[in-house]
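Peer 1: For reference, each letter of the sequence shown is one residue, going 1 to 336 in full-length UniProt numbering.
No residue lacks a Cβ here, since even glycine has one placed at the ideal position from N, Cα and C.
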Amino acid sequence: MRDAVTPRATLLVVGVIALQLLFIASYVGALHDPKPRDVPFGVVAPGAAARETAARLEALPGGPLDPRALPDEATARRQILHRDIDGALVADPSGTTDTLLVASGGGTVLATTLEKLAAAAEKEERRTVKTVDVAPASARDFDGLSSFYLVVGWCVGGYLCASILAISAGARPAGPRRALIRLIVMALVAAVGGLGGAVVVGPVLGALPGGVAALWGLGALTTFAVGAATLALQGLFGVVGIGLAILLVVIAGNPSAGGAFPLPMLPPFWAAVGPALPPGAGTWAARSIAYFEGNRLTGSLLVLSAWAAAGTVVALAAAALRTRHPRLRPRPLPRT
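What follows is the structure, given as structure tokens:
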């Protein structure tokens with residue numbers, strides 16, 4: 001038995017089982033019961049009617065909306081395109097039909113949910129509502145998911161390439177030179193993968209508008225950020241670091257990215273951590289490029305840049321420290 005399953009293999013299998021269970025818990029926990037929570041929402045109505053409508057919407061069971069009064073429809077449209085709010089109700093004081101402004105480019109599920117909430121609230125007031133999509137998702141972007149799938153592909157390319165580079169010549173970089181070479185190769189792969197993804201979703205499939213150049217830059221940054229982080233973790237913890245990268249990117253990052261369900265529909269924990277991880281930052285940025293004229297990109301690009309910079313610094317520092325202080329090299333897992 002010991003010849004077939006070594007202690008090292010046993011520990012690795014236990015780690016795989018832990019990742020498997022965490023995968024199930026994270027995806028099901030984040031996505032099994034989506035509900036809108038404090039969705040930023042504008043209300044346009046004359047005088048006191050705006051405050052009264054906002055108060056009525058704020059009192060809806062479960063607190064699905066975070067309404068605020070806005071001066072006019074133009075302001076509401078501008079704030080939607082700037083991603084300050086996800087929708088707005090524009091009252092028509094001269095009639096019985098109001099207008100709901102949504103942006104399905106930010107997530108079709110959220111736009112549909114806002115339609116249902118607005119229709120139910122208006123029905124209680126014996127009014128009806130018509131929907132206007134200010135930033136509609138592409139006809140070939142089903143449920144607005146193409147941005148998410150694109151970013152997932154870039155992230156997968158990042159940690160897979162980094163893993164291959166890390167294990168191809170041993171579990172640990174021999175020194176700063178090898179670590180630097182791996183980072184340079186990772187940057188080249190990121191540039192190629194970023195361009196490939198942008199071309200596939202744009203000119204080839206027509207799934208996302210927004211321009212190849214902008215998506216290419218985002219793809220290169222996303223892929224390198226994940227790859228550099230993976231190399232850093234592997235440099236610190238050996239093969240276990242690759243598992244930690246999967247934990248961060250796949251298990252924690254994907255369900256919290258706002259892909260299948262936009263952030264306001266996720267449980268509070270997942271909505272909070274998602275924007276700080278590469279899949280969430282990348283998905284937000286891809287949608288901003290495709291549907292929102294590049295608005296609100298700065299935060300997500302800073303997150304991705306921080307991952308890329310931190311990964312680069314840690315990978316190089318870990319390699320340098322191991323070269324100068326061999327005692328810092330953890331002993332390998334036992335084989336027998």
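1. Under a three-way DSSP split, which group does R296 fall into?
2. Where does S256 sit, in a helix, a strand or coil, going by DSSP?
3. Starting from G193, follow the alpha helix (DSSP H) in both directions and report where the run begins and ends.
4. Identify, in the order they occur along the chain, each residue of the same chain with its Cβ nearer than 7 Å to the Cβ of R296, setting aside the five sequence neighbours on each side.
5. Kindly list the residues whose CB is nearer than 7 Å to the CB of P278, restricted to its own chain and excluding five residues on each side of it in sequence; keep chain order.
6. Under a Cβ-count criterion, where at least 16 other Cβ atoms within 10 Å of its own Cβ denotes burial, should I85 be classed as buried or exposed?
7. Is the beta carbon of L218 less than 8 Å from the beta carbon of A137?
8. Go through its chain and collect everything with a Cβ distance to P334's Cβ below 8 Å, but skip five positions before and after it.
9. In terms of DSSP beta bridges, what is D66 paired with?
10. Across which residues does DSSP place T10 in a beta bridge pair?
11. Per DSSP, which one or two residues make a beta bridge with L100?
12. Quick one: give me the first and last residue of the alpha helix (DSSP H) that A50 is part of.
13. From A310 to L266, what does the alpha carbon distance come to, in whole angstroms?
14. Using a Cβ-Cβ cut-off of 6 Å (strictly less than) and excluding sequence neighbours within five positions of T113, which residues of its own chain qualify?
15. From the DSSP output, in three-state form, read off L205 for me.
16. Decide yes or no for the touch test of the segment 193 to 200 against the segment 138 to 155: beta carbon pairs closer than 8 Å, at least 3 of them.
17. By how many angstroms is the C-alpha of A318 removed from the C-alpha of G235?
18. Between the alpha carbons of V189 and A271, how many angstroms are there, rounded?
19. Can we say the segment 9 to 22 touches the segment 45 to 59, given the rule of at least three CB pairs closer than 8 Å?
20. What's the gap between the Cα of T230 and the Cα of R140?
Peer 2: Once the coordinates are examined:
1. If DSSP states are grouped into helix, strand and coil, R296 belongs with coil.
2. Residue state, collapsed to three classes: coil.
3. From DSSP, the alpha helix (DSSP H) with G193 extends over P176 to V199.
4. Closer than 7 Å at Cβ, skipping near neighbours: H82, R83 and S288.
5. Contacts found: C155, T222, A225, V226, V249, G253, L304 and W307.
6. Answer is buried; the Cβ neighbour count reaches 16.
7. Taking 8 Å as the cut-off, the beta carbon of L218 is found no closer than this to the beta carbon of A137.
8. Residue placement at P334 is flagged as unreliable, the pLDDT there being 48, under the threshold of 50; the coordinate-derived value follows with that caveat. Here the set comprises T6, P7 and R8.
9. In DSSP, D66 forms a bridge with P40.
10. Beta-bridge pairing links T10 to no other residue.
11. Answer is L89 and T131, bridged to L100.
12. Per DSSP, A50 is one residue of the alpha helix (DSSP H) stretching across A48 to E58.
13. Cα-Cα distance, rounded: 28 Å.
14. Result list for T113: P36, in chain order.
15. In the structure shown, L205 sits in coil (DSSP, three-state: anything other than H, G, I, E or B).
16. The segment 193 to 200 is in contact with the segment 138 to 155.
17. Taking the straight line joining both Cα atoms gives about 6 Å.
18. Rounded to whole angstroms, V189 to A271 spans 30 Å at the Cα level.
19. Pairwise C-beta distances place the segment 9 to 22 out of contact with the segment 45 to 59, as fewer than three of them are shorter than 8 Å.
20. Going by C-alpha positions, T230 is about 33 Å away from R140.
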